[in-house]
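Numbering (the working numbering), first residue to last: 6 to 258. Accompanying notes for the structure given below.
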């Protein structure tokens, strides 16, 4: 994935030639993107769960997956799950500032599936860079629209909205419905923000996710758990069933 980072850096040049050639390259890149598109600096930090491959953002921060800091070319996608996971964790340990503070909640077969997905995606450096740029711009879109503040307001609304006419279960259900509706709106706005700059990256990213899930679901001998994981994570059309309760579908995107 590191090669895609360096490719993307050329889109956000900096007068210091060593600016992007350090372990902090992704931090520098995100901040340069924020300066260009938001005219502000953000705090960039690495997600504590090494198997969390989805970046996130608040009004002041962007949280980047640990896989963004490593060279995935040295990983063997054909290795058994245990070996592949250990190879990945050994690479993560090489990140000088990384501290694993959270144990992954993902089962091992899912950890291996996510690693294989990243290896496959990073093979096409140019398109991986485009997809990565879209993903980071999407997170900047959340910052631009102050989505974390909107979410906090929704929580506050229900914390102050206790009623003698509604029990906790009914209130919780209403909150969940409104959260899903708000989240879909937020994700659509963030997509639109990113698409203004990089629509090609979005097309490649969502096409890849759909095709990868189709391939994995066909696996049988020796990879049954990976196939089952994709059946749980992805619908027959390649959409993550739980994730897309709160996000637009890949087809829609």
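Heads up, the beta-carbon is just placed ideally off N, CA and C, and yes, glycines get one too.
Fill in: residue 48 burial status per 10 Å Cβ neighbour count (16 or more: buried)
exposed
Item to complete: Express the C-alpha separation of residue 6 and residue 100 in angstroms, rounding to a whole number.
Response: Cα to Cα, the separation comes out at about 13 Å.
Fill in: Residue environment, residue 185, which counts as buried when at least 16 other CB atoms sit within 10 Å
Counting every other CB atom within 10 Å of its CB across the protein chains shown gives residue 185 a total below 16, marking it as exposed.
Worksheet item: Cα separation between residue 70 and residue 114?
Response: 19 Å
Discussion item. So residue 159 and residue 197 are supposed to be a Cβ contact under 8 Å. How far apart are they, rounded?
Written reply: That belief does not hold up - the Cβ atoms of residue 159 and residue 197 are roughly 21 Å apart, past 8 Å.
Worksheet item: Which residues share a DSSP beta bridge with residue 67?
Response: 49 and 62
Worksheet entry | Contact the region 8-18 vs the region 129-149: 3+ CB pairs below 8 Å | yes
Worksheet item: Helix, strand or coil: how does DSSP classify residue 200 here?
Response: Assigned with DSSP and collapsed to three states, residue 200 falls in helix.
Worksheet item: Any chance the region 194-209 sits against the region 139-154, with 3 or more Cβ pairs inside 8 Å?
Response: Touching, yes.
Discussion item. Does residue 19 pass the burial test, meaning 16 or more other C-beta atoms within 10 Å, or should it be called exposed?
Written reply: exposed
Discussion item. For a quick check, are the C-beta atoms of residue 217 and residue 126 less than 9 Å apart?
Written reply: yes
Practice prompt. Would you kindly check if the distance between the Cβ of residue 118 and the Cβ of residue 221 is under 9 Å?
Written response: yes
Discussion item. Quick check on the DSSP output: the alpha helix (DSSP H) that includes residue 130 runs from which residue to which?
Written reply: 130-149
Practice prompt. Could you check the C-alpha separation between residue 163 and residue 60 for me, to the nearest Å?
Written response: So the alpha carbons of these two residues sit roughly 27 Å apart.
Worksheet entry | Rounded Cβ spacing between residue 146 and residue 87 (contact assumed at less than 8 Å) | Not really, about 38 Å apart at Cβ, beyond 8 Å.
Worksheet entry | Nonlocal neighbours in the same chain, by C-beta distance under 7 Å from residue 34, ignoring five residues either side | These residues qualify, in order along the chain: 10, 13, 14, 17 and 25.
Worksheet item: What's the C-alpha gap between residue 148 and residue 75?
Response: 26 Å
Worksheet item: Buried or exposed: where does residue 169 fall if 16 or more other Cβ atoms within 10 Å of its Cβ makes it buried?
Response: For residue 169, the pLDDT reaches just 49, beneath the cut-off of 50, and the residue's location in the model is therefore unreliable, although a value from the coordinates is still provided. The residue in question, residue 169, is exposed, as its Cβ has fewer than 16 Cβ neighbours within 10 Å.
Fill in: residue 6 (DSSP reduced to helix, strand or coil)
coil
Fill in: Delimiting residues of the alpha helix (DSSP H) encompassing residue 156
152-164
Practice prompt. Could you check which residue in 41, 50 and 124 has the C-alpha nearest to that of residue 79?
Written response: 124
Discussion item. Could you compute how far the alpha carbon of residue 21 sits from the alpha carbon of residue 27?
Written reply: 12 Å
Item to complete: Note down the Cα distance separating residue 89 from residue 223, rounded to an integer number of angstroms.
Response: If I take the Cα positions, the gap works out to 20 Å.
Discussion item. For residue 77 and residue 134, what's the separation of their Cα atoms in angstroms?
Written reply: Here the C-alpha atom of residue 77 lies approximately 14 Å from the C-alpha atom of residue 134.
Fill in: Span separating the alpha-carbon of residue 192 from that of residue 144
In this structure, the alpha-carbon of residue 192 lies about 9 Å from that of residue 144.
Discussion item. Check this for me: beta carbons of residue 51 and residue 102, under 9 Å apart or not?
Written reply: yes
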